[in-house]
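Protein chains: 2
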Amino acid sequence: MIEDKNPQRTSISQLGEFGLIDHLTQQFEMAQPSTLKGIGDDAAVLDFKDKKVVVSTDLLVEGVHFDLAYMPLKHLGYKSVVVNVSDICAMNAKPTQITVSIAVSNRFPLEALEELFAGIALAAKEYGVDVIGGDTTSSQKGLLISITALGEADADELVYRNGAKANDLIVVTGDIGAAYMGLQVLEREKQVFQVNPNSQPDLDAYTYLIERQLKPEARKDVRTMLHALEIKPTGMIDISDGLSSEVIHLCKQSNTGCNIFEDKLPLDPQLIATCEEFNIDATTVAINGGEDYELLFTIGMDDFDKIKGNPNFTVIGHMTDPAEGIHLVTRAHTKIALKARGWNALNKE
Amino acid sequence: MIEDKNPQRTSISQLGEFGLIDHLTQQFEMAQPSTLKGIGDDAAVLDFKDKKVVVSTDLLVEGVHFDLAYMPLKHLGYKSVVVNVSDICAMNAKPTQITVSIAVSNRFPLEALEELFAGIALAAKEYGVDVIGGDTTSSQKGLLISITALGEADADELVYRNGAKANDLIVVTGDIGAAYMGLQVLEREKQVFQVNPNSQPDLDAYTYLIERQLKPEARKDVRTMLHALEIKPTGMIDISDGLSSEVIHLCKQSNTGCNIFEDKLPLDPQLIATCEEFNIDATTVAINGGEDYELLFTIGMDDFDKIKGNPNFTVIGHMTDPAEGIHLVTRAHTKIALKARGWNALNKE
């Protein structure tokens, strides 16, 4: 589809590697006080002074993590930054810098990479992170994006996965499951398009779901909100692989069990309607669907009053002694053991 | 070739993504004082105190940067770390941490990834860097390794590419060109093997060249040596793309010209002999061959006495006013303009 959309096509090899890097990175300005030197030397130079530094990295592979049939390159660039920034937010740290490496096959013209980098630049600006380095090379097949994100925080601000205690409340930001159903809608439209390329999709009923899939946002705002509410979570993780996987990570690393209540799960009305249309159980989607990039965290019971009624946060359950296991309590009051299904990129081949 | 060598093959998908990451990373111990938390949370946590932080990243792609027909996976793991550590050394900083992400097709069994990670672990130990994070996923084709390296230095220790002045001496560590000729020897053997799989290669005459290609080392020792000699380079870069490219980077960023003298280039006798056998000009190889991972740096004339006769360092030329251009002065005393040829991974497809 890319080929059709770009009447002008410039071969990447016309610029050469150095020319390409210069061309794609000249739009990046350094805004973080901690960035002393960005792109242009053997390494970037940073100064975090007395702050702790957090580092996270993610690899996105065409055909495994994204499908360019329905993922516009600008959106892909944006999302690839969000995915990494989300990990920094999940430490309760402030994202500050990213490096961006791409491997790309020669079917991509320069104009395609410009779109990708426009999305990267937009996200970098939106989240206030400096693009301080990267690598650009060819691939044997498809597009691959590797991003490393850095962030900073005071030592006493950082929140790990292993600090939750029995009786802590389990809280989720925003709503969950929508990104997964957005993907199902897009996959269906792709099938329809393959059968009849002239069909005009009517996606009005799914705009929220599709936006959650194509243009997710990292919850950079949660750090600020929690700070204002004078809450420090005891444990925190971002929801990239699905609620079930993330809850299990928190419980295992904190040595707790938990009860999650089905009737507390925050679901968008569009998600519920679309699950009915697709004849899929909305709870299953909310628990196992990934890529929402909401934050899942635990707080002491004493902090409940601070978030009660706050529309940004939903208490979905509580931690227990580890012997009680990790369960979903259904609307029918039965307990089902949660399993880590999530997104297993390694099983997709 | 991998398939033949591994009678035991465990499918990666048997472990799942989390199981695979646990399995491959359990061997990594944190040794750097600046590593507060390594693998196991949303992000690693580091504390560099009053040091500056340097960050560099590289992407290695099968079929573009390496060929598994002659590159053993353990060597590849080792080299992928070296390539990144070398960039940190080129800032005159001390390498401290790396993240390692890999994308791998399902033709690789678990045992192959174990070999790769054994090489990564060996290099991490050798260079004293902690493996603090990464990502593991499937690829549509082949193997891809993305590493980000971090290092630390005091602000006044850092050496950039842009500090060289006219009349500064240009110095190279070790010898150059051998890694490129090692590749030529391996490529020739691959051709022979394809014609006659039973042929027994006799590589005794090329051991140094092959080692330089398959198991290069980053010059972590140079920082210590220069410190002991009380020399601070004015500009520095590592030789990954070839001397010519790197000299041009230094000159352009420092706004200088230069004269490099052909008869000063440090060439190993095995390189000279093999170039004769292959009927290739050794100077061309020394100037355009990449992957030596030696350091190229400039020093003030006043520091010449400190390195005179030191077998680790060779003065190969001097910086000039920018108007004089960037030249190689041949043995016949003619001047040839240097061009950035280097390794252009984007032209290899």
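Those protein sequences? They're chains H and U, same order as listed. Just so you know, we're using the UniProt record's numbering here: the first sequence kicks off at 1 and counts up by one. Just so you know, we're using the UniProt record's numbering here: the second sequence kicks off at 1 and counts up by one. Where is the CB? At the ideal position from N, CA and C, for every residue including glycine. As the structure is a prediction and not an experimental result, all values here were calculated from the model.
Annotation: N92 of chain H is outside any alpha helix (DSSP H) and is labelled neither H nor E by DSSP. Bounds of the alpha helix (DSSP H) holding S254 of chain H are L243 to S254. Cβ neighbours of T148 of chain U within its own chain (closer than 6 Å, five residues either side excluded): T57 and T99.
Annotation for N288 of chain H: the continuous alpha helix (DSSP H) segment containing it runs A282 to N288.
With contacts defined by Cβ atoms closer than 9 Å, G289 of chain H and A179 of chain H form a contacting pair.
A residue is called buried once 16 or more other Cβ atoms fall within 10 Å of its Cβ, and A93 of chain U is buried on that count. Against S199 of chain H, chain U offers no close residue; the least beta-carbon distance is about 28 Å (beta-carbon pairs closer than 9 Å). Taking one beta carbon from each stretch, the stretch 170-179 of chain H and the stretch 159-175 of chain U have fewer than 3 pairs nearer than 8 Å; the two do not touch. CA-to-CA, the gap between S138 of chain U and S105 of chain U works out to about 5 Å. The residues I39, A44 and T99, in chain order, have a CB closer than 6 Å to that of G133 of chain H in the same chain once the five nearest residues on each side in sequence are set aside.
Contact note: A43 of chain H reaches chain U through V54, V55, S56, D87, I88, A90, M91, A93, A149 and G151, using a C-beta cutoff of 8 Å and chain order.
At a beta-carbon threshold of 8 Å, none of the residues of chain U lie near Q32 of chain H; the nearest stands roughly 12 Å away.
Contact between the stretch 316-329 of chain H and the stretch 69-77 of chain U is absent: fewer than three C-beta pairs spanning the two stretches fall below 8 Å.
Using a Cβ-Cβ cut-off of 9 Å, K49 of chain H counts as an interface residue toward chain U, since at least one Cβ of chain U sits closer than that to its own. DSSP lists no bridge partner for S34 of chain U. Here I336 of chain U is exposed, its C-beta having fewer than 16 other C-beta atoms within 10 Å. In the same chain as K51 of chain U, and ignoring 5 residues on each side of it, the C-beta atoms closer than 6 Å to its own belong to E152, in chain order. Among the residues facing chain U, M236 of chain H is included, as its CB has a counterpart in that chain under 9 Å away.
Put simply, the CB of A103 of chain H is near chain U, with a gap under 9 Å to one of its CB atoms.
For L144 of chain H, the uninterrupted beta strand (DSSP E) run begins and ends at L143 to A153, by DSSP. The shortest C-alpha to C-alpha distance from M30 of chain H to any of H:E291, H:A124, H:A155 and H:K264 is the one to H:A124.
What G182 of chain U touches in chain H, judged by beta-carbon distance under 8 Å, is nothing: the nearest beta carbon there is about 21 Å away. Within the stretch 160-176 of chain H, the residues whose Cβ lies closer than 9 Å to some Cβ of chain U are Y160, R161 and N162, listed in chain order. Within 9 Å of the CB of I132 of chain H, the CB atoms of chain U belong to V55, in sequence order along the chain.
About 16 Å separates the CB atoms of L296 of chain H and T283 of chain H; that is not less than 8 Å, and the two are not in contact.
About 17 Å separates the beta carbon of L328 of chain U from that of I280 of chain U, a gap too long to meet the 8 Å contact definition. Taking 9 Å as the CB threshold, L116 of chain H stays off the interface with chain U. Comparing alpha-carbon positions, the option among U:K49, U:E157 and U:L15 lying closest to A155 of chain H turns out to be U:K49. In the three-state DSSP reduction, F108 of chain H falls in the coil class, being neither helix nor strand.
Where F193 of chain U is concerned, there is no enclosing beta strand (DSSP E), although the alpha helix (DSSP H) around it starts and stops at A178 to V195. Exposure of A323 of chain U is indicated by the presence of fewer than 16 other C-beta atoms within 10 angstroms of its C-beta.
Per the coordinates, the alpha-carbon of G242 of chain U lies some 33 Å from the alpha-carbon of S34 of chain U. With 16 or more other Cβ atoms from the protein chains shown falling within 10 Å of its own Cβ, D292 of chain U counts as buried. Within its own chain, the residues whose Cβ lies closer than 8 Å to the Cβ of L122 of chain U, once the five positions on either side in sequence are excluded, are K74, G77 and Y78, listed in chain order.
For the set H:T224, H:E189 and H:P311, the Cα lying nearest the Cα of L267 of chain H is the one of H:P311. In chain order, T57, D58 and L59 make up the part of chain U whose C-beta sits under 7 Å from the C-beta of D135 of chain H.
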